[in-house]
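**Student:** Chains B and Y, in that order, give the protein sequences.
Heads up: the first sequence begins at 0 in numbering that gives the first Met the number 0, then just goes up one per residue.
Heads up: the second sequence begins at 0 in numbering that gives the first Met the number 0, then just goes up one per residue.
Backbone N, C-alpha and C fix where the C-beta goes; we use that ideal spot for every residue, glycine too.
Model, not experiment: these values are computed from the prediction.
Handing you this structure, nothing more for now.
Protein chains: 2
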Amino acid sequence: MPSQTFFNLPVDKRKKLIESAESEFIRVPVFEASIANIIKMAGISRGSFYQYFEDKDDLYFYLLEEKLKEMKIHFIGLLERHDGDLVDALMEMYCYFLTSLSDEEEKKFIKNAILYTTYRVESSFASMFDAYVEKKEEFEKVTGLINKERLNISEETDLIHIFKIISTLAFNNLIEKTAKGLTDNEAMESFEQSINLIKRGIYKQSYKEGDEE
Amino acid sequence: MPSQTFFNLPVDKRKKLIESAESEFIRVPVFEASIANIIKMAGISRGSFYQYFEDKDDLYFYLLEEKLKEMKIHFIGLLERHDGDLVDALMEMYCYFLTSLSDEEEKKFIKNAILYTTYRVESSFASMFDAYVEKKEEFEKVTGLINKERLNISEETDLIHIFKIISTLAFNNLIEKTAKGLTDNEAMESFEQSINLIKRGIYKQSYKEGDEE
DNA sequence: CATATTATATGACAAGCTGTCACATTGTCA
DNA sequence: TGACAATGTGACAGCTTGTCATATAATATG
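See below:
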């Protein structure tokens, strides 16, 4: 987390610093980004930088999470609009995310995040979908909205697993899209095909029942 | 790829170099690993290092892929042993991978790979499961072995999607296990629960049919 | 055998990076 | 005005990487 000093900064200065950082993270992935570049652009001294942030990562994850914050807000609304259909809501969520990456710069930022994703980056993205799993009350607020009638759930934990499966697939679809340069449509189609498969099950009903121990 | 010069090296020297590199990648993740440390341990000069490898990544991915090579060999055998059941074969594959990470050092190496996974690392791991998708003939050799009767496939591409879904889930399970320090059993259980969900489908049959457009 | 040619090995080096610290400046309150 | 805290500064040590002129070893050729 950035220090209080950073948040005490006059708006202009803070804004300039953030913009400088963004433009550096647009240029190259985190691990290649240079603090020297950022402070040069922002016109602050090296010492100041370390007064605001612990290190490069501290700044980076602050930015990344700020960018993802507004995404999270949408989810509950989407769930209501889809009559509690978890899958449909998550799918539109992902679609919204894809199309909201409107300008080129935003896309490059995400590309640098995605292609050099570490566990921590993935967690940030995952929390866009399942932040609710962490905080019990938030989670229950969401599960209350979900139409469970529709889902093939036998245990309590199944719901969490479904959450995880879908967000994992969404995230992986994003990586694939980014790496292979797919269009939004191509990515969404591939995603839909996967989702349809797991909706209806990858095993035929007849075999399944006979096979299960 | 390492240069020919590297492969021409006397066995002892090459071995020592590889061991030095391994111990550095066990100590810290790639992006923190220091070439200086590796060459000091291996007793070679800086210049030589750059005659063998393009850069740190070149060495790293050479090592990583060597480690994964033997894993791939198992897969066809597993598929036969499971009467062409794709899911069961992939599951045992993953289980084998987990338990084969026997010694502590091997585990640390993988941990450093997993927690600082980039797209390239993920691709290396993915290729353990779906290398076959890339090479057409290899792929057909494998698909020939798969019992498709059992699977809920309507389009040609569904099979590839199933491959991808399962390997994505396996990889993500590995990340989760590593990050949260789960035991092999805990990880496998969680993985099985996810797999069972997608085997039978996450939507109830009745709703599905009525809902689909 | 001697010499030419190619392959390999070396470490000093420029240019870059990070995080720290003694010090300078600014702001605030009594 | 003085005193104290908050903030800003850039030189610095110590690390990093990749290059290159040079030295040595190995092989081929007349």
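Could you run through the segment 59 to 89 of chain Y and flag, in chain order, every residue whose CB is less than 8 Å away from some CB of chain B?
**Tutor:** Answer set for the segment 59 to 89 of chain Y: Val86.
**Student:** Along the segment 181 to 202 of chain Y, where does the CB come closer than 7 Å to a CB of chain B? Name the residues.
**Tutor:** Those residues of the segment 181 to 202 of chain Y that come within reach of chain B (Cβ to Cβ, closer than 7 Å) are Gln192, Ser193, Leu196, Ile197, Lys198, Arg199, Gly200, Ile201 and Tyr202.
**Student:** Checking the sheet assignment: what are the DSSP bridge partners for leucine 181 of chain B?
**Tutor:** Here the question's residue 181 of chain B lines up with position 182 in the first sequence. DSSP, once it has assigned bridges, lists no residue as partnering leucine 181 of chain B.
**Student:** By the DSSP assignment, the alpha helix (DSSP H) with glycine 46 of chain Y in it spans what residues?
**Tutor:** Stepping through the second sequence from its first residue, residue 46 of chain Y is reached at position 47. Counting along the chain, the alpha helix (DSSP H) containing glycine 46 of chain Y begins and ends at 45 to 51.
**Student:** So, does the CB of phenylalanine 30 of chain Y fall closer than 8 Å to a CB anywhere in chain B?
**Tutor:** Translated into positions along the second sequence, residue 30 of chain Y becomes position 31. Chain B contact via Cβ: present.
**Student:** Select from B:Phe108, B:Ser166, B:Gly143 and B:Glu175 the residue whose C-alpha is nearest the C-alpha of isoleucine 25 of chain B.
**Tutor:** Along the first sequence, one-based indexing puts residue 25 of chain B at 26. Minimum Cα distance to isoleucine 25 of chain B is reached at B:Phe108.
**Student:** Note down the Cα distance separating methionine 40 of chain Y from glycine 42 of chain B, rounded to an integer number of angstroms.
**Tutor:** Translated into positions along the second sequence, residue 40 of chain Y becomes position 41. Translated into positions along the first sequence, residue 42 of chain B becomes position 43. One C-alpha to the other measures close to 42 Å.
**Student:** Strictly under 8 Å for the Cβ-Cβ distance: is alanine 169 of chain B near chain Y by that measure?
**Tutor:** Stepping through the first sequence from its first residue, residue 169 of chain B is reached at position 170. Not one chain Y Cβ lies under 8 Å of alanine 169 of chain B.
**Student:** Go to aspartate 11 of chain Y, then tell me how far its alpha helix (DSSP H) extends in each direction, as first and last residue.
**Tutor:** Position 12 of the second sequence, counting from 1, holds the residue named residue 11 of chain Y. Counting along the chain, the alpha helix (DSSP H) containing aspartate 11 of chain Y begins and ends at 10 to 26.
**Student:** Out of curiosity, what's the CA-to-CA distance linking glutamine 3 of chain Y and proline 28 of chain Y?
**Tutor:** By one-based count along the second sequence, residue 3 of chain Y stands at place 4. By one-based count along the second sequence, residue 28 of chain Y stands at place 29. Computed Cα separation, rounded: 26 Å.
**Student:** Taking CB distances under 8 Å as the criterion, tell me whether tyrosine 232 of chain B reaches chain Y.
**Tutor:** Because chain B in this structure spans residues 0 to 212, residue 232 of chain B falls outside the shown range and cannot be described.
**Student:** Determine, for leucine 97 of chain B, whether the minimum Cβ-Cβ distance to residues of chain Y falls below 8 Å.
**Tutor:** Translated into the one-based positions of the first sequence, residue 97 of chain B becomes position 98. False, the Cβ-Cβ gap to chain Y never drops below 8 Å.
**Student:** Going by C-alpha distance, which of Y:Leu58, Y:Ser47 and Y:Tyr51 is nearest glutamate 21 of chain Y?
**Tutor:** In the second sequence, residue 21 of chain Y corresponds to position 22, counting from 1. Measuring from the Cα of glutamate 21 of chain Y, the nearest candidate turns out to be Y:Leu58.
**Student:** Since asparagine 146 of chain Y and glycine 76 of chain Y are thought to touch, with beta carbons under 8 Å apart, how far apart are those beta carbons, to the nearest angstrom?
**Tutor:** Counting from 1 along the second sequence, the entry for residue 146 of chain Y is found at position 147. Counting from 1 along the second sequence, the entry for residue 76 of chain Y is found at position 77. Between glycine 76 of chain Y and asparagine 146 of chain Y the Cβ distance is about 16 Å, and since that is not below 8 Å, they are no contact.
**Student:** Can you list the alpha helix (DSSP H) stretches of 4 or more residues lying completely in the segment 104 to 164 of chain Y, in chain order?
**Tutor:** Entirely contained in the segment 104 to 164 of chain Y, the alpha helix (DSSP H) runs reaching 4 residues are, in chain order, 118 to 133 and 135 to 144.
**Student:** Should the segment 160 to 179 of chain Y be regarded as contacting the segment 162 to 169 of chain B, the criterion being three or more beta carbon pairs within less than 8 Å?
**Tutor:** With the cut-off at 8 Å, the segment 160 to 179 of chain Y and the segment 162 to 169 of chain B touch.
**Student:** Which residue comes first and which comes last in the alpha helix (DSSP H) that contains alanine 32 of chain B?
**Tutor:** Your numbering for residue 32 of chain B matches position 33 in the first sequence. Taken as a continuous stretch (DSSP letters only), alanine 32 of chain B belongs to no alpha helix (DSSP H), as it is neither H nor E.
**Student:** Mind pulling the alpha helix (DSSP H) runs of 4 or more residues that sit fully within the segment 76 to 107 of chain B?
**Tutor:** List check, alpha helix (DSSP H) in window: 85 to 99.
**Student:** Say whether chain Y places a C-beta atom closer than 8 Å to the C-beta of tyrosine 115 of chain B.
**Tutor:** Against the first sequence, residue 115 of chain B aligns to sequence position 116. Output row for tyrosine 115 of chain B: interface = yes.
**Student:** Take every Cβ of the segment 141 to 158 of chain B, pair it with every Cβ of the segment 84 to 101 of chain B, and state whether three or more of those distances are shorter than 8 Å.
**Tutor:** Segments in contact, yes.
**Student:** Using the Cβ count rule (16 or more neighbours within 10 Å means buried), how would you classify glutamate 121 of chain B?
**Tutor:** Along the first sequence, read from residue 1 onward, the residue named residue 121 of chain B stands at position 122. Buried is the call here.
**Student:** Please report how far the alpha carbon of glutamate 65 of chain B lies from the alpha carbon of threonine 156 of chain Y, in whole angstroms.
**Tutor:** Within the first sequence, the letter at position 66 stands for residue 65 of chain B. Within the second sequence, the letter at position 157 stands for residue 156 of chain Y. In a straight line, the C-alpha of glutamate 65 of chain B is about 38 Å away from that of threonine 156 of chain Y.
**Student:** Leaving out the 5 sequence neighbours to the left and right, which residues in its chain are closer than 6 Å to asparagine 63 of chain B when beta-carbon positions are compared?
**Tutor:** Start at 1 with the first residue of the first sequence, and residue 63 of chain B comes out as number 64. For the record, residue 63 of chain B in the displayed sequence is leucine; it is not asparagine. Correct list, in chain order: Ser123.
**Student:** Interface residues of chain Y around alanine 112 of chain B at Cβ under 7 Å?
**Tutor:** In the first sequence, residue 112 of chain B corresponds to position 113, counting from 1. In chain order: nothing, as chain Y lies at least about 11 Å away.
**Student:** Near isoleucine 113 of chain Y, which residues of its chain fall below 7 Å by C-beta distance, leaving aside the five closest residues on each side in sequence?
**Tutor:** Here residue 113 of chain Y is taken as the residue at index 114 of the second sequence, counted from 1. Leu173, Ile174 and Thr177.
**Student:** Rounded to a whole number of angstroms, what is the C-alpha to C-alpha distance between glutamate 103 of chain Y and phenylalanine 5 of chain B?
**Tutor:** Here residue 103 of chain Y refers to the residue found at position 104 of the second sequence. Here residue 5 of chain B refers to the residue found at position 6 of the first sequence. Taking the straight line from one Cα to the other gives about 42 Å.
**Student:** Report the residue from B:Glu18, B:Glu23, B:Phe74 and B:Met90 whose alpha carbon sits nearest the alpha carbon of asparagine 184 of chain B.
**Tutor:** For the purposes of this step, residue 184 of chain B is taken as the residue at position 185 of the first sequence. The shortest Cα separation from asparagine 184 of chain B among B:Glu18, B:Glu23, B:Phe74 and B:Met90 belongs to B:Met90.
**Student:** Looking only at its own chain, which residues have a Cβ that is under 6 Å from the Cβ of glycine 46 of chain Y, when we skip the five neighbours before and after it?
**Tutor:** Reading the second sequence from its first residue, position 47 is the one you call residue 46 of chain Y. Contacts found: none.
**Student:** For isoleucine 37 of chain B, which residues from the same chain have a beta carbon less than 6 Å from its beta carbon, with the 5 sequence-adjacent residues on both sides left out?
**Tutor:** Here residue 37 of chain B corresponds to residue number 38 of the first sequence, with the count starting at 1. Once the five neighbours on either side are set aside, the close Cβ partners of isoleucine 37 of chain B are Ser19, Ala20 and Glu23.
**Student:** Quick check on the burial criterion: 16 or more other C-beta atoms within 10 angstroms. Buried or exposed for methionine 92 of chain B?
**Tutor:** The sequence position of residue 92 of chain B within the first sequence is 93, counting from 1. It is buried - the Cβ of methionine 92 of chain B has at least 16 other Cβ atoms within 10 Å.
**Student:** In terms of alpha-carbon separation, which member of Y:Leu16, Y:His160, Y:Arg80 and Y:Lys68 lies closest to phenylalanine 52 of chain Y?
**Tutor:** Mapped onto the second sequence, residue 52 of chain Y falls at position 53. Answer by Cα proximity: Y:Leu16.
**Student:** Assign methionine 0 of chain Y to one of three DSSP states: helix, strand, or coil.
**Tutor:** The residue labelled residue 0 of chain Y in the question sits at position 1 within the second sequence. Reduced to three states, the DSSP call for methionine 0 of chain Y is coil.
**Student:** Roughly how far, in whole angstroms, is the beta-carbon of tyrosine 118 of chain B from the beta-carbon of threonine 117 of chain Y, given that I think they are within contact range, below 8 Å?
**Tutor:** Locating residue 118 of chain B in the first sequence gives position 119, where the first residue counts as 1. Locating residue 117 of chain Y in the second sequence gives position 118, where the first residue counts as 1. Their Cβ separation, rounded to whole angstroms, is 11 Å, which puts tyrosine 118 of chain B and threonine 117 of chain Y out of contact at 8 Å.
**Student:** With burial defined as no fewer than 16 other Cβ atoms inside 10 Å of the residue's Cβ, what is the status of asparagine 7 of chain B: buried or exposed?
**Tutor:** For the purposes of this step, residue 7 of chain B is identified with residue 8 of the first sequence, where counting begins at 1. The residue in question, asparagine 7 of chain B, is exposed, as its Cβ has fewer than 16 Cβ neighbours within 10 Å.
**Student:** Starting from the beta carbon of isoleucine 25 of chain Y, find every residue of chain B whose beta carbon is closer than 8 Å, and list them in chain order.
**Tutor:** Here residue 25 of chain Y corresponds to residue number 26 of the second sequence, with the count starting at 1. Near isoleucine 25 of chain Y there are no residues of chain B at all, since even the closest Cβ is about 18 Å away, more than 8 Å.
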